[in-house]
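Protein chains in written order, with our numbering: chain A, 1222 to 1437; chain B, 1222 to 1437.
One structure is given below, encoded as structure tokens.
Protein chains: 2
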Amino acid sequence: MARLKLDISTSLDGFVAGPNATLENPLGVGGDLLHEWVVPLASWRAPHGLEGGETGADDELFAEYLAFQGAVIMGRKMFSGGAGPWADDPNAAAWWGDDPPFHVPVFVLTHHPREAEVKQGGTTFTFVTDGIESALEQARAAAGDKDVALAGGASVAQQYLKAGLLDEIQIHVANVLLGGGTHLFGTLGIDPSHVETTRVVASPSVTHIRFEVPRV
Amino acid sequence: MARLKLDISTSLDGFVAGPNATLENPLGVGGDLLHEWVVPLASWRAPHGLEGGETGADDELFAEYLAFQGAVIMGRKMFSGGAGPWADDPNAAAWWGDDPPFHVPVFVLTHHPREAEVKQGGTTFTFVTDGIESALEQARAAAGDKDVALAGGASVAQQYLKAGLLDEIQIHVANVLLGGGTHLFGTLGIDPSHVETTRVVASPSVTHIRFEVPRV
């Protein structure tokens, strides 16, 4: 069965987004620094329709991340930055235009029903209103023999972790201090536990730590 | 001039102590898990008067940490867990008995004057009431041609960082999820910035990420 995997970038001081996130700046102040390691990579540029880019350990790792994805799950906040009825959401069309970089079925968790959309390049957006288990079931069915990427944000990640549905996490510790912002699992209330680290890859700009999620 | 270096263990979700810290459990719920990587090491056991222990990459790294220390700075909270006048502090004698594991001069930041104490094995405790710069000046003088270790806790580390007096940080990311607790730089309000990572060492139980502190 397809595994559910979370990849998320964090600062050295443990923030997955900077303070004061807004619709214009959804990652908060300084939050874009967290992702500077990924944007120059050849494997990031290709699905965005861009040529060239950096190769090396980070690039291989990101290519692997894309290759395992048979489907993607994300929260409404990550999709549009908004909340509430879609008619009132100024970014209801999301961030990515007509040819989003996912190229697989994407399942968006929301409380507000909406028709599915077929985009160019293999990306579909399906809006799931009946909960995280339903979204996972649909994503697994769509993923075939590949795995499911949990794209975020932190709130959705916490819900899946707390429900015992998350199989693997890879944190990408960027060489950045943010000094404030959103924590990955800050309000979770899980019991403290050891995890099994399965791989660490380091480059000058980011340290990738992958681990199995304990069943709590 | 002696450099000021902070080494601190953190969980994968970015906590340097668990929730609900008390005098009996100063690291909070689950906080002891953060340090399980260090306690079995031969280089940790030796200064505690214990024989044997694990060798390998983590052990070499911890031996290096001890070897650079010509002096140590710590906060009152780390010294005794208490606050306020020493006469009212039930743990005023601190955690470590007559032969503390430091074996170098230790400078304790406090608002409450107290006579210096000479312990066995080379450890002295000097209580500094005139601020972090004075403590650093005294520690540097004591350190000779070695460096100064900032032992913690998080509040003291933030003060030194914010004052631009901290030279290097090494975070030890333990293979632990805590789900809540104290963040290293959670309330600092520094500007987001890149740092220069100078080394990453990984073992199955902990990933050590060392970086130069930017002058903010």
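Just so it is clear, CB atoms sit at the ideal spot from N, CA and C, and this is done for glycine as well.
It should be emphasised that the depicted structure is a prediction, and the values quoted were computed from it without experimental measurement.
Under the assumption that Leu1244 (chain A) contacts Gly1302 (chain A) (Cβ atoms under 8 Å), give the Cβ distance between them as a whole number of angstroms.
5 Å
Where does Val1377 (chain B) sit, in a helix, a strand or coil, going by DSSP?
helix
In chain A, which residues lie with their C-beta within 8 Å of the C-beta of Ile1392 (chain B)?
Leu1233
Among B:Val1293, B:Ile1294, B:Arg1266, B:Leu1271, whose alpha-carbon lies nearest the alpha-carbon of Glu1281 (chain B)?
B:Arg1266
Short CB-CB distance (under 8 Å) between Pro1247 (chain B) and chain A
no
Please work out which residues of its chain come closer than 8 Å, Cβ to Cβ, to Pro1369 (chain B), disregarding the five sequence neighbours upstream and downstream, and give them in chain order.
A small correction: the amino acid at residue 1369 (chain B) is Val; Pro does not occupy that position in the sequence shown. Around Val1369 (chain B): Ala1223, Arg1224, Leu1225, Lys1226, Gln1290, Gly1291, Ala1292, Val1293, Ile1294, Leu1357, Ala1360, Arg1361.
Using a Cβ-Cβ cut-off of less than 7 Å, give me the residues of the region 1247-1262 of chain B that come near chain A, in sequence order.
Val1250, Gly1251, Leu1254
Taking the alpha carbon of Glu1433 (chain A) as the point to measure from, which residue in A:Gly1318, A:Val1421, A:Glu1275 has its own alpha carbon closest?
A:Val1421
Determine the direct distance from the alpha carbon of Ala1242 (chain B) to that of Glu1416 (chain B), and round the result to whole angstroms.
In the sequence on display, residue 1416 (chain B) carries Val and not Glu. In a straight line, the C-alpha of Val1416 (chain B) is about 30 Å away from that of Ala1242 (chain B).
Chain A contact for Gly1239 (chain B) (CB, 8 Å cutoff):
yes
Who are the neighbours of Gly1374 (chain A) on chain B, taking C-beta pairs under 8 Å?
Neighbours of Gly1374 (chain A) on chain B: none; closest Cβ ~15 Å, over 8 Å.
Does any residue of chain A have a CB that is nearer than 8 Å to the CB of Asn1312 (chain B)?
no
Ala1423 (chain A): first and last residue of the uninterrupted beta strand (DSSP E) it sits in
1417-1423
For the region 1392-1404 of chain B against the region 1388-1406 of chain A, are there 3 or more C-beta pairs whose distance is under 8 Å?
yes
Find out if the Cβ-Cβ distance for the pair Val1377 (chain B), Thr1231 (chain B) is shorter than 8 Å.
no
Reduced DSSP category for Ala1360 (chain A) - H, G, I as helix; E, B as strand; rest coil:
helix
By DSSP, does Leu1254 (chain B) sit in helix, in strand, or in coil?
helix
So Asp1228 (chain A) is in the beta strand (DSSP E); what residue range does that whole segment cover?
1225-1231
Give the residues of chain B in contact with Phe1348 (chain A), contact being defined as C-beta atoms less than 8 Å apart.
Simply none; closest approach about 29 Å.
Let me know the alpha helix (DSSP H) ranges lying completely inside the region 1280-1310 of chain A, each 4 residues or longer, listed in chain order.
1297-1301
Which word fits Leu1382 (chain B), buried or exposed, when buried means at least 16 other C-beta atoms lie within 10 angstroms of its C-beta?
buried
For His1393 (chain A), which of helix, strand or coil comes out of DSSP?
strand
DSSP bridge partner residues for Val1369 (chain B) (one or two, in chain order):
B:Leu1225, B:Ala1292
Got a sec: is the Cβ-Cβ distance from Gly1277 (chain A) to anything in chain B below 8 Å?
no
Note down, in chain order, each residue of its chain lying with its Cβ closer than 7 Å to the Cβ of Gly1296 (chain B), except the 5 sequence neighbours on either side.
Leu1330, Gly1373, Gly1374, Ser1376, Val1377
When DSSP labels each residue in this structure, what does Ala1315 (chain A) get in the three-state scheme?
coil
Per DSSP, cross-strand counterpart(s) of Arg1326 (chain B):
Correcting the residue identity first, residue 1326 (chain B) is Pro in this sequence and not Arg. In the DSSP output, where bridge partners are listed per residue, Pro1326 (chain B) has B:Thr1345.
For a test of the three-state rule: what should DSSP assign to Ile1353 (chain A), helix, strand or coil?
helix
How is His1404 (chain A) classed by DSSP in three states: helix, strand or coil?
strand
CB Ile1195 (chain B) to CB Leu1233 (chain A), shorter than 8 Å?
Because residue 1195 (chain B) is not part of the residues shown, which for chain B are 1222 to 1437, the question remains open.
Can you tell me where the beta strand (DSSP E) with Arg1335 (chain B) in it begins and where it stops?
Taken as a continuous stretch (DSSP letters only), Arg1335 (chain B) belongs to no beta strand (DSSP E), as it is neither H nor E.
Can you look up Ala1242 (chain B) in the DSSP assignment and give me helix, strand or coil?
coil
Quick one: Cα of Ala1384 (chain A) to Cα of Gly1273 (chain A), how far?
40 Å
If you run the structure through DSSP and keep just helix, strand and coil, what is Ser1426 (chain B)?
coil
Just list the residues that DSSP pairs Ser1414 (chain A) with in beta bridges.
B:Leu1398
As a quick exercise: from B:Val1259, B:His1256, B:Pro1240, B:Trp1258, pick the residue whose alpha carbon is nearest that of Val1250 (chain B).
B:Pro1240
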